[in-house]
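12 is the number of the first residue of the sequence shown in the numbering used here; add one for each residue after it. Built from N, CA and C at the ideal position, the CB exists for glycine as well. Note that the coordinates shown come from a computational prediction; the quantities given were computed from them, not determined experimentally.
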Amino acid sequence: MRKCSRCSKPATLHITELKEGDVHALHLCEKCAQDYLSNVDVGQAPEEPEDLFQQHLENSIEDLEDVDQSICPSCGITFKEFRSQGRLGCPQCYLAFEKELIPLLENIHGETQHTGKLPKRAPEASRKQYDLIKLRNRLRTAVESESYEEAAQLRDEIQKMEAACEDPDD
12 MRKCSRCSKP ATLHITELKE GDVHALHLCE KCAQDYLSNV DVGQAPEEPE DLFQQHLENS
72 IEDLEDVDQS ICPSCGITFK EFRSQGRLGC PQCYLAFEKE LIPLLENIHG ETQHTGKLPK
132 RAPEASRKQY DLIKLRNRLR TAVESESYEE AAQLRDEIQK MEAACEDPDD
């Protein structure tokens, strides 16, 4: 999912323009798209995508310079070192750089909660936690898509699983 060129919301409008043989892509969220389209006069070229990109880039560079100075109190790695290496120094880095990592993870993976494969030798409690996470994600998706009957079934299934986790005799 692409992010808006002007803000960090998901882009819903994608504009591709050909200008002097060059392709320029502009990705906008609904609000920015309305602003963009309302400022375009018929027959007049809209604001150049590269100008928008340049403005966004300049703002991002200023913000990044401040963020690059952040340091993990546990291992001492800076956010700049993370960006250059692509690896965090310790588990505490996730907390130290949370504000910067959340949008990055959402942009790359579309989620911030790991929902990948589970090792076959994982303890039963971990498997149940994994299943609960999957069900909660499905519930969130069902509610967002207004599939309330499915959401009610998922809610009931989650409640049964949570009750089973609390009562180990089941």
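Using the Cβ count rule (16 or more neighbours within 10 Å means buried), how would you classify residue i?
{"i": "Leu48", "result": "exposed"}
{"i": "Ser137", "result": "exposed"}
{"i": "Ala22", "result": "buried"}
{"i": "Ser16", "result": "buried"}
{"i": "Glu177", "result": "exposed"}
{"i": "Leu106", "result": "exposed"}
{"i": "His25", "result": "exposed"}
{"i": "His120", "result": "exposed"}
{"i": "Cys18", "result": "exposed"}
{"i": "Leu115", "result": "exposed"}
{"i": "Gln55", "result": "Residue placement at Gln55 cannot be trusted, given a pLDDT of 45 that sits under 50; what the coordinates show is reported in the next sentence. Gln55 should be labelled exposed."}
Going by the CB atoms, is the gap between residue j and residue i shorter than 7 Å?
{"i": "Met172", "j": "Leu150", "result": "no"}
{"i": "Phe93", "j": "Val78", "result": "no"}
How close, in whole Å, do the beta carbons of residue i and residue j come, if the pair is a contact with beta carbons under 8 Å?
{"i": "Gly100", "j": "Ile113", "result": "In fact, because the Cβ distance is near 18 Å, the residues do not count as touching under 8 Å."}
{"i": "Gln103", "j": "Cys83", "result": "6 Å"}
{"i": "Glu168", "j": "Leu146", "result": "6 Å"}
According to DSSP, which residues form a beta bridge with residue i?
{"i": "Lys14", "result": "Pro21"}
{"i": "Asp36", "result": "This sequence places Ala at residue 36; Asp is not what is there. Beta-bridge pairing links Ala36 to Thr27."}
{"i": "Ile82", "result": "Thr89"}
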